[in-house]
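Notes follow the structure.
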Amino acid sequence: MVPLSYYLVLSGILFACGVTGFLIKRNIITIFMSIELMLNGVNLSFVAFAAHWHVLAGQVFVFFVMVVAAAEAAVGLAIIIAVYRTRETLNVDQVNLLKL
Amino acid sequence: MTTFLAQMQTIPQGVDYVRILPELILSAFGIVVMVLDPLVDEEKSQKTLGLIAFAGTVVALLSTWYAAQYPGLAFSNTVRVDSFSIFFTFLVIVIAAVVILSSFEYMATQRIRAGEYYALILFGVVGMALMSSAIELVMIFIGLEISSISTYILAGFRRNEASSTESSLKYFLLGSFATAFFLYGVALMFGATGSTNIDVIAQKLQSAPAELLVYAAMALMFVGLGFKVAAAPFHVWTPDVYEGAPAPIVGFMSTAPKAAAFAVLLRVVFSINAPGSFWFLWIAAALSMTLGNVSALVQTNVKRMLAYSSIAHAGYLLMAFAMTSPADSPIGISAAMFYTAAYAAMNVGAFAVVSHFANAGERYVTLEDYAGLGRSSPILAASLTIFLLSLIGIPVTGGFFAKFYVFSAALRANLIWLTLIGVVNSAIGAYYYLRIIVVMYMREARKEVPVAPISFGVATALTLSIAATLYLGLLPNRVLQIAQHSAQDLLIQPPAARAAENPQPAPGSEH
Amino acid sequence: MNTDHLSPYILSLVTFAPLAGALLLTALPRRDREIRWFSLGVSLLTFLLSLHLPAHFHRGQTGFQFEVDRQWISTPNIHYHIGIDGISLWLIVLTTFLTPLCVLISWKSVHDRVKEFFILLLVLETALIGVFIALDLFLFYFFWEATLIPMALLIGIYGHERKIYAAVKFFMYTMIASVFMLAAILWLYAQTGSFDFVYLREHINSVPSFPAAAQWLFLGFFIAFAVKVPLFPFHTWLPDAHVEAPTAGSVLLAGVLLKMGTYGMLRFNLGLFPQQARSNANWIIILALIGIIYGALVAMVQPNMKKLIAYSSVSHLGFVVLGIFSFTQAGLNGAMFVMLAHGISTGALFMLAGIIHERRHTYEISEFGGLAAPMPVYATSYLVIVLASVGLPLLNGFIGEFLVLSGAFQARPIYGILAATGVIWSACYLLWMFQRVFYGKVTHPVNNGMADMLGFEKAAVWPCAVVALVMGVAPILWLAAIDPAVTSALSPFVQMASKVAAQ
Amino acid sequence: MISVHLILFLAFGAVCVGGAVNLLVQRHPINSALSLIAVMAALAGEYLLLGAEFVAAVQVIVYAGAIMVLFVFTIMLLNAGEEEKTKGSRVAILFGVPGMLLGSLLLAWVVLRHSGTEAVPAGALPGAPQTIGMLLFHEFLLPFEVTSILILIAIMGAVVLASKPTGPSGGPQRRVTD
Amino acid sequence: MNPNLNLWLIPVLPLAGAAINGFFGKKSSRTAVTTVGLFFSASAFAWALLVAFRFSSLALPYQEYFAHWLRSGSFSADFAFYLDQLSLVMLLVVTGVGLLIHIYSVGYMWDDPSYYRFFTYLNLFLFFMLNLILANNYLLMFVGWEGVGLASYLLIGFWFTKDSAASAGKKAFIVNRIGDFGFLIGLFLIIQHFGSLNFTEVFDKVKPLAAENAGAGLLTSIGILLMIGACGKSAQIPLYVWLPDAMEGPTPVSALIHAATMVTAGVYMVSRSHVIFERAPIALTVVAIIGTLTAIFAATIGITQTDIKKVLAYSTVSQLGYMFLACGVGAFSAGIFHLMTHAFFKGLLFLGAGSVIHAVGGEQDMRKMGGLKTYIPVTFVTMLIATAAIAGIPPLAGFWSKDEILWKAYEANPAYWVIGAITAFLTSFYMFRLLFMTFWGDYKGIQVDDHGQAHAAHGAGNHGDEDHGHGEPHESPKVMLIPLVILALLSLVGGLVGIHNGFEHFLEPVFGPEFPKAIAEPGNTEWLLMGISVLFSFAGLILAYVLYVSKPYLPQKIADSLGSFYNAVVNKYYVDELYAKLFVKPLVDGSTAILWQGVDRKIIDDTVNNAADGARHVSDEVRHMQSGNLRSYAGWIAAGAAVIIAYMVWLGVRG
């Protein structure tokens, strides 16, 4: 028997790691990966809560999140490629043409 | 037997499809445009596809009217068609129609592939329409993602331009970042209530005192939605993204997805009747308008200036949310809805002018370029003036009544300080809008800025926007009544009816 | 001709005739000559229509006349509620009177973007009239703001060197100030559910939260009006706006726009918040007195003719505010009369300044001198208007000033005494200016060749001179309508005073 | 009492956290990507512990498989090298990280307070493909169908953005160098 | 019931003349202008005479309502006229002298290119002056009061190309305005307390009031304020400074406005308000003291002036002082009497001076004249009569009136008498000085060549007229001489109406017999005083003769011995300079430096601009939030999220 809160805390840790990654990583692809990490953290919460409430909607939600993540990945990576084409860098600190 | 019946109930009926008719039609037209793209001649494709897309929006509008005749729940309580959803559906479709019109020429001058462009707009609208009618968080999430992803792509459509791809990237990464927060909020809400259906959540929250988890969930959802509506402190993406994105698309994404996001926010705030949103909204409103206006003061890039202005307007709009007592809620909701509509009218129009004027490669977007426009193209200048005046909030324009309703709603709720901040802000804001007007009429052009003749598409788009702006400024009654009606719909769901509509526990659940 | 049947529509007709004209103008081809004649026709027609008002106005009767009350917007409860009393009656006629003159004075001086100019002028006229007829607070605010744009554009497009600075300054000053009024109006609506001035005037005291908020509401209205007037220390936009504005803009700005402020005080500050008006009167009067003296002294040392006239407006409008907040019959009558007189005489002064600007492209007084010799007709016309402005008896300036001073004196002698020094100052700065411009020898040879007044210029200025004389000789024509309106405006104060006396 | 359940949870959890931290620490994106795959795989294990079989399978196939392959592919395509240590943002360090810490701690506290010690048995809610399928085609029919549009958009977007800039939108490629 | 006299015609007729000449004069011939100008002033005089003939049959005061003017609440002031003995005297003096001066002007101004303008202004002046006299309320009187100021302004600045003339006109108007300020305040006090400005109503309400013997009260305040007004118009200390400057105007103007009529309006106004003054002894004392001081002060300045018109101007100021002295001691009728005789002889003096100036080609400096009696005999004789009259040589007009005043002054306070008598001596001295310097000795003036130019200096164009063609001083045309002669006659006999207090009796219904002393039979004291004052007059004459005819080197010596005091007097005690230093300069400089550049620019505008700049600065700072760096943006979002979470959690914990 594992307390629900363990799952939730694990989920929170993953989410926090994702946020941290977004904040500190320079490579755009890694930053994108951090987002995936955050989504994974959320997914765990869904599944855990689903188990808690005995409501399958939570798992279905995870399914949808995955689909969305897949779509996002396709689009996101395409955008990254487009950025790389015009800027020839993947360092997010150098993608700052638009500012102030 | 009961299981069977329950399953029978969940099988969609014909009327369910009528209720999502606009979405279906838009999707169909989107697919048609997409499929036709490689088939039609490239030279002609721009206009042909645009006209098809425009036709799609027109048909969808008609179907909206048809769908409005059949209010109710559809698809196992995932969407509810009521006047509230119809209002926003109608609004986003109209925005799309005008944006499509104003894009005809832009497509040609920027040499952008039209098929995907129009298809993405149409699909994006499907997402937004679903957002406004969805009462199931899953549905909201999907709608949100459709609208977001299509706008991410649209923002990067000038993919040879570093600014456009950067805009797209920033929008995409930060958007996903915020969506993750929203999603986490949804997860916690699900954890707190055991449901993802807004009606059920609302009912559960009404019956029992809100848990701490609900507060946390609300906070996270606000982050996500606050990002989408560009409210401070989640507004930071707005200027960069708007500056880099293609001008007509800025007109689109500053209004349509925002309107949809506001619809969701309204549902979340008022329908769920979320606890403790008051001060957060108060501060977000005050901060948004102040930051937006103050930052805009020194901008010289018109697109960027209008981006800051959109932050400020989000702030005004949020004032309407900060209602303390339930009795005031309908006033706030209707004010917010009216504001969304008025803002859409004026901002889409303003960006239609901006995109027309920007010319190939969006070369002319700085304040300097606008010098002497009053002479070189009086019609463009006059149109832009009307939109800017509306953004300032001068009478006879929709912007005036929009602010008016919002402020009076705030005052009704006795938010005197917030109102004062609002009115002072609208005075400060007048300065930078005025700067554009001043430059257009009162400065002589220092360099030759070619102004392309106004084509049919732009002319129609401008006419529609001006008509809408003035209509809302002169006869706001009709729209406001609809908004009020919608507000009632949003708020007053008889508990009995709600209970009847409650979804059955998931079939897989064990008892 | 029996025109009684017009009465229900006449106000709307007068108000929107110029707007209709402006809309027609947009459709006209860009033929400047025709556009000028058309605008003149429209504005003259409006003037004639507006004459219906005094002709059919029941002078003895208090309350509003020609009233129309139709719902415009149901939520919020906004009515197209219009009507006039003796106070607004003449301000409307003043507006319609000055507009054709503005068209005339712009006949030659505006040659670029002529169409837009006249469109703006006519739109401005509608907005100005609207301000005076509105009895619904919302409608009032609506027109109030609507005056802003055409005026700012007139200054900004057709003005002189620093036109942009002036236009923006004008716009921002008024805009920032009027949002406070908007806030106050909204509060009133939020608490009572009505924008109706007449309704509010009667029912506002029954709102439980009103006493606590009244002071702030009063200030909210007041600040908007004070900037418009402009009352010291909010006046600095005025000289800039005037100097840069085209002549017609200056005429309407000084002639009518400033009166919107004083009219607002009279109608709303006094009408809705008599108690607060009374308790705030002292500092307001002190500001008005500062304005009178300060404006005059600063006017005296201006090297620029238009700036001088602008500061003189500050001084004159100080009289109006003083009269209003003296809460005496004479004071209010006088304030109204000064408004009208100032509109005529200062409007004419600006036209006259425009006439030499047209010839020399400068307003610097030092650029002139000895003009009376080459331009005798001009000099004489100028003198008549200067004398009217100085407040010479039998010309219009005197009546108003006398009544205001007499009212102020009754309120508190020191007010009257301090304000009466204005009589001296106005003579100083105007006559000194007149001397420097017209007397002595012609110092700049170019001035010798200046043409005297042309036909259209005479047509613009002389009506003002005639009206100035008529107003001075037969003020009764105006006062007959003003007096009862003022009496009813004062009735709450009389009651207050009698209450105080009873205690 | 330490049950197998708990041990498994902790083991998967440790992999998850370790992977996540590794993702942050690694300078080369490919390493980060591999760490992420580890995290996802471990998460699939956690899902199994909770009985969500379908989700676990999808997690492995779609997430760890398809999506991450896409990532790796892109990394390879763009030939992404080691991350440079650029000084970009003070805000992220000064506000962002403390904010993140504060937020996470608060959330953790809330979550702990909320669920306390309530335990979830292993395989608490069996989410078999069939039941999930029933749900998807009944209750969640509309979202499910609408997902197709989402996918469509994604495909279009990928095509539009990633395709070589030729054809109607061609023209000389403009590069910005700063 | 009184017959309708149509009094309104009297002022309106000249107005019509002014209007006709003003609008059509420019294009009309001089003859036409002359006809119009003279016809309307003459008809006003004629109508006034008609009124005078019917005067005895009237119930006095006769009031005539003409039209509504001003109504505000219960207050009203109408175009209505008031006729009693006092206004009749004034009426006749003004229309009569006015007509004469009109006639004179035909000759004097004939060559001026703005001939029509002159007559327009002159007629306009008559209109306002008659309004002032005939008004039945203070406000209408104020109309005339300000109106004559306007006419004065226009006529002083008639030759506007001369800067000094323009400045003098402006100065006159502004100084008058200062007086009007007091007048206005006085009117407000009257309105406040009596609710009306109508003479009858006000006086009816004042009459029951007790005299404010104990201390200053309402009536005293009103009186002093009215006196301030009178000081301005009638050039009394401290507001007399404009009158000498006003001599820049054409000489007929000086005669009409600045000697005979307008400047006496103050005296008329004080007399008209005698009901108030009589009940305000302090105010009366103030009037008397101002009058006395002005009389002697101006007389001393007059001694040293060399400009013929300036001497006359100071003399006018001094004589007006006498009139106020009379009013101040309650002898209103004596004041009015002197007003009338003064109108005759001073008008004559000015016209004579004009004739002299005309003769010598525009020269006004007496040192450049001399020996003119042979050249212009008619002028000389008339001037002689006038000088004698003003010097108080019996039995000429001035003697009677001045003697009357001095006698009344003595009764009030011998000190007044002493100063008055000294003034009489000074008057006699400087007037004969003028006469001797001008007409005796040798002609020291300019000759042929300069002649034309000298004329041109005062604005006249070329001199085609044969009369003016020669270089010798020449007698004026008949049209100028006839008024001189008529006025000389009046100066000779005009005083006779005062014998046996006849004039006083005539005015008695107005001023009443309240002052019983005034009608006492002339006793020994009076004879004695009369003798002394006559003696003083002759002393002045003799002294002047000695200094300026027999021993002309003496004045310079005396002047040298007096040194700085003499300089001070020559420079009019530096009063103009003092005013300039004390008021004008601080006002102009202060307004420029402190108010305009300081308050307006520095404080108000800079505050506003700084606020705007500040906003822009803040804006510049705020937009640095938008660094362009994605991670920063994420940082903001994360921080914002943390704040919201914290807030919401706090909210949740609290309740």
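Just so you know, the protein sequences line up as chains A, B, C, D and E, in that order.
Residues 1 to 100, numbered by the working numbering, are exactly what the first sequence covers, in order.
Residues 1001 to 1511, numbered by the working numbering, are exactly what the second sequence covers, in order.
Residues 2001 to 2503, numbered by the working numbering, are exactly what the third sequence covers, in order.
Residues 3001 to 3178, numbered by the working numbering, are exactly what the fourth sequence covers, in order.
Residues 4001 to 4655, numbered by the working numbering, are exactly what the fifth sequence covers, in order.
Glycine included, every Cβ here is placed at the ideal spot set by N, Cα and C.
Same chain, Cβ closer than 8 Å to P4483 of chain E, five either side skipped, listed in chain order: So the list reads L4100, I4101, I4103, Y4104, L4351, once near-sequence residues are dropped.
Determine the chain B residues that contact Y2263 of chain C at a beta-carbon separation under 7 Å, and present them in chain order. The premise fails here: Y2263 of chain C is roughly 18 Å from chain B at the closest Cβ pair, so nothing lies under 7 Å.
Taking the alpha helix (DSSP H) that R4272 of chain E belongs to, which residues open and close that run? Counting along the chain, the alpha helix (DSSP H) containing R4272 of chain E begins and ends at 4265-4272.
Residue span of the beta strand (DSSP E) that contains R4071 of chain E, given as start and end: Start and end: 4062-4072.
Report the start-end ranges of each beta strand (DSSP E) in the region 4089-4135 of chain E that is 3 residues or longer and not cut off at the edges. If only complete runs of 3 or more residues are kept, the region 4089-4135 of chain E shows no beta strand (DSSP E) anywhere.
If you draw a straight line from the C-alpha of S4028 of chain E to the C-alpha of R2033 of chain C, how long is it? Near 37 Å, if we compare the C-alpha coordinates of R2033 of chain C and S4028 of chain E.
Could one say the Cβ of N1160 of chain B lies closer than 9 Å to chain A's Cβ atoms, at least one of them? The beta carbon of N1160 of chain B falls within 9 Å of a beta carbon belonging to chain A, placing the residue at that interface.
Would the region 1097-1114 of chain B and the region 1447-1461 of chain B be scored as touching if the rule is three or more Cβ pairs under 8 Å? Result yes; three or more Cβ-Cβ pairs closer than 8 Å.
Step through the CB atoms of chain B and report whether any lies within less than 9 Å of the CB of I3153 of chain D. I3153 of chain D counts as touching chain B.
Interface positions of the region 1388-1414 of chain B facing chain C (Cβ-Cβ less than 9 Å), listed along the chain: Those would be L1389, I1392, G1393, I1394, P1395, V1396, F1400, F1401, K1403, F1404, Y1405, F1407, S1408, A1409, A1410, L1411, R1412, A1413, N1414, in chain order.
Mind pulling the chain B residues with CB within less than 7 Å of D4620 of chain E? Here the neighbours are V1298.
Around the C-beta of S1076 of chain B, are 16 or more other C-beta atoms found within 10 angstroms, so that it is buried, or is it exposed? By the neighbour-count definition (other C-beta atoms within 10 Å, threshold 16), S1076 of chain B is a buried residue.
Taking M33 of chain A as the query, report the chain D residues whose CB atoms sit under 8 Å from its CB, ordered along the chain. Ordered by position in chain D, the residues that pass the 8 Å Cβ test against M33 of chain A are L3023, P3029, S3032, A3033, L3036, F3071.
Classify T1300 of chain B: buried if its beta carbon has 16 or more other beta carbons within 10 angstroms, exposed otherwise. Exposed.
Is the separation between the beta-carbon of A48 of chain A and that of V3039 of chain D shorter than 9 Å? With contacts defined by Cβ atoms closer than 9 Å, A48 of chain A and V3039 of chain D do not form a contacting pair.
Quick one: any contact between the region 2454-2464 of chain C and the region 4179-4187 of chain E, if contact means 3 or more CB pairs under 8 Å? Short answer: they don't touch.
Mind checking if I2073 of chain C is an interface residue toward chain B, Cβ cutoff 9 Å exclusive? Residue contact with chain B for I2073 of chain C: present (Cβ-Cβ distance below 9 Å to some residue of chain B).
With DSSP as the reference, identify every bridge partner of E1136 of chain B, one or two as the case may be. Answer is B:N1197.
Looking at the C-beta of N1077 of chain B, does it have a partner C-beta in chain D at a distance below 9 Å? So, interface residue.
Start-end ranges of the alpha helix (DSSP H) lying completely within the region 2316-2387 of chain C, minimum 4 residues: Runs of the alpha helix (DSSP H) inside the region 2316-2387 of chain C: 2329-2360.
What's the C-alpha gap between M1 of chain A and A1192 of chain B? The alpha-carbon atoms of M1 of chain A and A1192 of chain B are separated by roughly 21 Å.
List the residues of chain B whose Cβ lies closer than 7 Å to the Cβ of M2175 of chain C, in chain order. Residues of chain B whose Cβ lies closer than 7 Å to the Cβ of M2175 of chain C are, in chain order, A1427, A1430.
In angstroms with no decimal places, state the Cα-to-Cα distance between Y4647 of chain E and Y1215 of chain B. Y1215 of chain B has its alpha-carbon roughly 9 Å from the corresponding atom of Y4647 of chain E.
Can you name the residues that DSSP bridges to T1366 of chain B? DSSP lists B:N1301 as partners of T1366 of chain B.
At what residue ranges does the region 1096-1159 of chain B contain a whole run of the alpha helix (DSSP H), taking only runs of 4 or more? Here the runs fully enclosed are 1114-1133, 1137-1155.
8 Å contact criterion, which L2135 of chain C and D2196 of chain C should meet: CB distance rounded: Right, the Cβ-Cβ distance comes to about 7 Å (below 8 Å), so this counts as a contact.
Could you give the first and the last residue of the continuous beta strand (DSSP E) run that contains H1235 of chain B? H1235 of chain B -> no beta strand (DSSP E), and no H or E assigned at all.
Return the Cβ separation of S1355 of chain B and P1248 of chain B in integer angstroms, given the expectation that the two are a contact with Cβ distance under 8 Å. Cβ atoms of S1355 of chain B and P1248 of chain B come within 8 Å of each other, at about 5 Å.
Taking Q4364 of chain E as the query, report the chain B residues whose CB atoms sit under 9 Å from its CB, ordered along the chain. Neighbours of Q4364 of chain E on chain B: none; closest Cβ ~58 Å, over 9 Å.
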